[in-house]
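In what follows, a single structure is set out as C-alpha cells and then discussed.
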Amino acid sequence: MSEHQKDKVSSVERFNQLSTTLQDTKKTLNTALEEIKVLKSSVESKEQNKDRITDLGKEITALQAQVNSLTKEWRKADPDRLHIDRKEFDGLLNRRSFVIPSFEIYGQTAGLYDYGPPACAVKTNVLNLWRQHFVLSENMLEVDCVCLTPEPVFKASGHVERFTDFMVKDEANGECYRADKLLEEFCDSQLSDPNISQTLSDELTLVKKHIDSYGEKELGQHIVKYNILSEAGNKLSDPYRYNLMFSTPIGPTGKITGYLRPETAQGIFVNFKMLYDYNGNRMPFAGATVGQAFRNEISPRSGLLRVREFTLAEVEHFCHPDDKSHPKYDSVKNVVVKLLSREAQTAGQAASEQTIQQAMANKNILNETHAYFIARTQLFLLECGVLPTGLRFRQHLSTEMAHYASDCWDAELLTSYGWIECVGIADRSCFDLEQHTKHAKVDLTAYELFSEPKLSTTIDANLDKKKMSTLYGKKTGAIIKQVNSLGQVDRQAYKSKLESQGQVNVTIDDGEVISLNKDVLTFTEKQVRTNGRNYVPSVIEPSFGIGRIIYCVLEHSYWVRKTIGGADEEKGVPRAVLSLPPTIAPYKAAVLPIQHNDKEYIKVTNQVISNLTKNTISYRVDTSGQSIGRRYCRCDDIGIPYVITVDSQSVDASDASVTLRERDSCEQLRVPIHEIADVIAQLVNHQTSWNDTKEKYPTQKQTASEQVGKGK
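Numbering (UniProt numbering), first residue to last: 1 to 712.
Following this line, the structure appears as C-alpha cells:
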C-alpha cells in the first residue's frame with residue numbers, strides 16, 4: 001500500500017479507542033454543563049460563583065471544540081468504511097466519462113449504466129487478467145451461453161421458486177423498497193450520530209451484523225420496532241418475497257415463458273455432458289464463462305454496486321463429491337487471508353488473519369478446492385489493485401445460504417458504502433446436476449474406474465407392459481420412460497414403498513400423477529461385479545461481479561494530491577489521481593507534444609506512437625493547447641501510469657529523447673526515442689521496476705510536475 005492510501009482504511013482498535021475517548025469527553029462536558037446550570041440557577045448563586053462560572057465557561061468551550069474534533073476523527077476512523085470524499089470521487093467518474101446513466105437523454109432509469117471509454121478499457125483489461133489468472137493458468141474450458149433461458153431450466157435450478165428478496169411497499173404511494181437494505185440504511189444513519197447512546201449503538205451494531213440472516217418475520221419486527229418509514233414518511237407494508245428474475249415470452253404465441261438469466265452458471269451445468277466429453281471424460285475439470293446477467297432489483301442505488309444488468313465471470317469446477325482435493329493446493333497453502341467465519345459473526349468478533357493451511361486445520365474451510373479458489377481469488381483481486389486492508393472473506397450464515405449452496409464465502413471489498421460482496425465462492429455440492437438430471441431426464445454423471453473390480457448391488461425395475469397398456473393406454477410410454485429414468489437411490493426408495501404400501505406414484509411429463517401397484521411394477525436386486533460407477537460431480541463455484549470489482553478498485557486507487565498552487569491550477573477541482581495498476585489502467589501511456597501544430601513535433605509524436613503500437617501498448621494522445629500541467633492532471637484522472645512528453649530536446653537530432661513521467665511520484669526521466677516503447681513495455685509487464693529504470697536514465701526536472709503537486 002502506498003503512503004497516500006494508508007489513511008483510507010482505519011483499524012478496529014483505533015475506532016474503539018476514539019469511541020471511548022469521545023464518550024468520556026461527552027460525560028465530562030455534560031458534567032460541566034450541569035454544574036454551570038446549577039451555579040446560574042439564581043442571581044445570588046450566580047454572583048457568589050462568578051469566578052467559577054467564568055472558568056467553567058472556558059472549560060465548556062474547550063470541551064465542545066474537543067467533542068467536535070473527536071467526532072470528526074471518530075467518523076473518519078470507522079473501520080467499516082473506506083475514507084474518501086465520495087462527492088469528489090463521483091465527480092471524477094462523471095467528469096472523465098467513466099460511467100454514464102443509460103438513456104439519460106430520455107430520463108434515467110434506476111439501475112442501468114453505460115461504461116464510457118476509460119471504464120470500458122478497464123473492464124476489458126480486468127476480464128483479460130481474469131482469463132489469464134483462471135482460464136489459462138487452470139486450463140479451463142470456456143463457453144459463451146445465451147442470456148434468454150426457457151423456464152424449465154430455472155424451475156429445475158430452484159430460481160423460479162426461491163430467487164427472491166424481501167420487499168416492503170409505501171402504503172400511501174406504492175413505492176417499493178428492499179426491506180433488508182432499508183433496515184441497514186436506518187442502522188447506518190443512527191450509528192453515524194455521535195450523540196447515540198451506547199446501549200442503542202451496541203443494539204444496532206448487532207442488528208446490522210445479522211441483517212443478512214433475517215427472514216421476513218424478523219425484518220418486519222425490526223421495521224415496526226424502530227418505526228422505520230418510507231422516504232415520503234409513510235407507513236410500510238409487511239415484508240414479502242419478490243422474485244428478481246425478468247420474465248419474457250419466447251416466440252410470437254407467448255406460450256413459452258423465458259427469463260433473462262440472473263446468473264451465468266446454468267449455461268455451464270446444462271452443457272456438462274458436452275464439456276465432460278470434450279475433456280476426454282477426465283475429472284476434475286472446470287468450465288468458465290463471461291457474460292451479462294439480469295436482476296430486477298427492487299430499489300437499485302449506490303451506483304454500480306446495485307444494478308439491474310451486469311457482467312459476471314464465473315467458474316464451475318467439477319470434482320468428485322468424495323474427493324475435493326486440489327493438485328495445486330500446496331502452491332497457495334501459505335497465502336494469508338482475512339476470514340470472518342460463521343462462528344466469529346455469531347459471537348460478534350472481527351475477522352482474523354490466517355494462512356489457508358491454518359484455515360483448513362481449524363475447519364473454517366472444509367475442503368482443498370474451496371480453499372484453493374479462495375486464495376486464488378485473493379491473488380487476482382490484489383493484482384487488480386485492491387487494497388490488502390480493504391479485503392476480507394466472509395462466510396455465509398446458515399440462514400442466508402443460497403438454496404443451492406452447502407457452504408459459501410464472499411470476497412468482500414471495503415468501500416465508502418461499507419463492505420460489499422464482489423465475489424461469491426460457493427460449494428454448490430451436487431445440487432445443480434442432480435436437479436437437471438431429474439427434471440430433464442438426461443444423464444449428467446461422470447464415470448470413475450475402480451482400481452480393481454467391486455461387487456455391488458443394483459436394482460432393476462420390471463414392468464408388465466401388456467397390463468399397463470390395458471390399464472393406462474396412451475400414457476403407458478410416458479410411465480415407462482419415467483420409471484426407467486429412476487436412479488439407483490430412487491429405485492431403492494420406490495422398492496421400499498411398494499413393499500410397505502403396495503403402490504407408488506410416478507409423475508409423467510404433463511404433470512399427471514399415476515399410481516402403480518405390484519401387478520404392473522416390481523423391483524429386483526442383483527449382485528454384479530463392476531469395474532467402475534457413475535456419480536454426480538460436486539461443484540465449487542467462484543462467481544465474480546465484474547462491475548462491483550471495477551467500482552471498488554476505482555475507489556481503492558483514488559487519492560488527491562497535496563497541491564502547491566501555480567498558474568495552471570484549476571480552482572475548486574481536486575488534483576485527483578487513480579493509482580491503477582498498469583495491468584488494468586485504461587491506457588498504459590499518454591503522449592503529450594508540447595507543440596501540436598509544428599511539423600517536427602508531429603513527426604516525432606508519430607514515431608513514438610508507431611513504436612508503442614508495435615509493442616501493443618495502449619496509448620492516448622493529448623494535443624490540446626492547454627498547459628502541460630493540466631494535461632498531466634487529465635492523465636492522472638483516468639489512471640494512466642506513464643506519460644511521454646515530446647519537447648524541444650525530442651526534435652533536436654543531437655538529443656532525440658523524450659521525457660517519461662511516472663504517475664504516482666511525478667518523477668521524470670529522459671529516455672531515447674528509440675527505447676521509450678521498450679521501456680514502457682518492460683514496466684507494464686513487470687519485467688523491470690521504476691527504481692531500476694531510474695538507475696539507467698537521467699532525471700528530468702520540470703515545473704509542470706511541481707504544479708500538480710507531489711504525492712504525500
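The beta-carbon is built from N, C-alpha and C at its ideal position, and this holds for glycine as well.
Among the options, which one has its Cα closest to the Cα of residue i?
i: T457; options: G473, Q492, N484, L136; result: Q492
i: I459; options: W690, Q527, G473, S500; result: Q527
i: A590; options: I356, I676, F186, L260; result: I676
i: V122; options: E353, M140, T524, G547; result: G547
i: V539; options: K481, A426, T530, H83; result: A426
i: K603; options: T149, A656, Y697; result: A656
i: R95; options: L136, A119, P150, N128; result: A119
i: residue 719; options: K441, I36, T530, Q503; result: Because the chain here runs from 1 to 712, residue 719 falls outside it and cannot be looked at.
i: D78; options: E34, G390, T253; result: G390
i: P581; options: E297, L381, R306; result: L381
i: R14; options: G215, K363, E73; result: E73
i: K694; options: L660, V684, A681; result: L660
i: T507; options: L516, S500, Q501; result: L516
i: V307; options: M283, D114, I584, T369; result: D114
i: F318; options: D407, E309, Y276; result: Y276
i: L612; options: W690, I680, V553; result: I680
For residue i, report the span of its beta strand (DSSP E) as first-last.
i: A288; result: 285-294
i: K169; result: 164-169
i: D410; result: 407-415
i: L112; result: Looking at the DSSP string, L112 is not in any beta strand (DSSP E), and its letter there is neither H nor E.
i: S456; result: 446-463
i: A681; result: Looking at the DSSP string, A681 is not in any beta strand (DSSP E); the run it does join, the alpha helix (DSSP H), is 673-684.
i: G545; result: 538-545
i: residue 721; result: Limits of the chain in this structure are 1 at one end and 712 at the other, which puts residue 721 out of reach.
To the nearest whole angstrom, what separates the beta carbons of residue i and residue j, a pair I think is in contact under 8 Å?
i: A293; j: E316; result: Not a contact, Cβ separation roughly 15 Å.
i: I628; j: S650; result: Contact flag wrong, Cβ pair sits at about 13 Å.
i: V335; j: A286; result: 19 Å between Cβ atoms; not a contact.
i: N279; j: L141; result: 7 Å
i: Q266; j: S157; result: 6 Å
i: L387; j: Y551; result: Contact doesn't hold; Cβ gap of about 14 Å is too wide.
i: V560; j: P574; result: 5 Å
Are there 16 or more other CB atoms within 10 angstroms of the CB of residue i, so buried, or fewer, so exposed?
i: L183; result: buried
i: Q435; result: buried
i: M274; result: exposed
i: N615; result: buried
i: Y106; result: exposed
i: G233; result: exposed
i: V332; result: buried
i: R241; result: exposed
i: N364; result: buried
i: Q132; result: exposed
i: E570; result: With a pLDDT of 49 at E570, under the threshold of 50, the predicted position of this residue should be treated as unreliable, and no value is reported.
i: T311; result: buried
i: F98; result: buried
i: I617; result: buried
i: K562; result: exposed
i: G385; result: buried
i: P698; result: exposed
i: G709; result: Its pLDDT being 47, under 50, G709 is placed unreliably by the model, and the measurement read from it follows with that caveat. Result: buried.
i: S341; result: buried
Note down, in chain order, each residue of its chain lying with its Cβ closer than 8 Å to the Cβ of residue i, except the 5 sequence neighbours on either side.
i: D80; result: L414, G418, W419
i: C430; result: P321, V536, P537, S538, V539
i: R663; result: V577, S579, C635, D636, G639, I640, P641, Y642, V643
i: T21; result: L70
i: E35; result: L56
i: V207; result: L183, C187, H222
i: L18; result: L70, E73, W74, A77
Might you give, ordered along the chain, the residues of its own chain that have their beta carbon closer than 7 Å to the beta carbon of residue i, omitting 5 neighbours on each side?
i: R75; result: S192
i: A313; result: L127, W130, V290, F544, I546
i: Q488; result: T458, I459
Starting from residue i and walking both ways along the alpha helix (DSSP H), at which residues does that stretch end?
i: D692; result: 690-696
i: Y619; result: First-last for Y619: 619-621, but that is the beta strand (DSSP E), not the alpha helix (DSSP H).
i: V207; result: 198-210
i: Q527; result: First-last for Q527: 521-535, but that is the beta strand (DSSP E), not the alpha helix (DSSP H).
i: V489; result: 488-501
Which residues in the same chain as residue i place their Cβ atom closer than 6 Å to its Cβ, once the five residues preceding and following it in sequence are excluded?
i: A179; result: F166, V168, L219, P239
i: P150; result: G258
i: I100; result: D114, G116
Let me see if you follow: with CB-CB separation under 8 Å, is residue i close to chain B or not?
i: N606; result: No chain B appears in the structure shown, which is made up of a single protein chain.
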